[in-house]
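Numbering (the numbering used here), first residue to last: 40 to 90. Positions of the beta carbon are idealized from the N, C-alpha and C atoms, including for glycine.
Here it is in structure tokens:
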């Protein structure tokens, strides 16, 4: 996962996509917790994680 508070450049986005990385840009940081939870669950995590 690539998280950035700065706008991502096109080559950063392309490289992340090529590597299969999830992207969180500055517009999505307000809901970072939800994005991380969704990513964690998709990776096989469980809801009962203590955080």
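Taking only the alpha-carbon atoms, compute the straight-line gap between residue i and residue j and give it to the nearest angstrom.
{"i": "residue 57", "j": "residue 87", "result": "32 angstroms"}
{"i": "residue 45", "j": "residue 65", "result": "6 angstroms"}
{"i": "residue 78", "j": "residue 47", "result": "19 angstroms"}
{"i": "residue 72", "j": "residue 51", "result": "22 angstroms"}
{"i": "residue 67", "j": "residue 81", "result": "18 angstroms"}
{"i": "residue 84", "j": "residue 43", "result": "23 angstroms"}
Assuming residue i and residue j form a contact by the criterion Cβ under 8 angstroms, report the distance between their Cβ atoms to the nearest whole angstrom.
{"i": "residue 55", "j": "residue 41", "result": "5 angstroms"}
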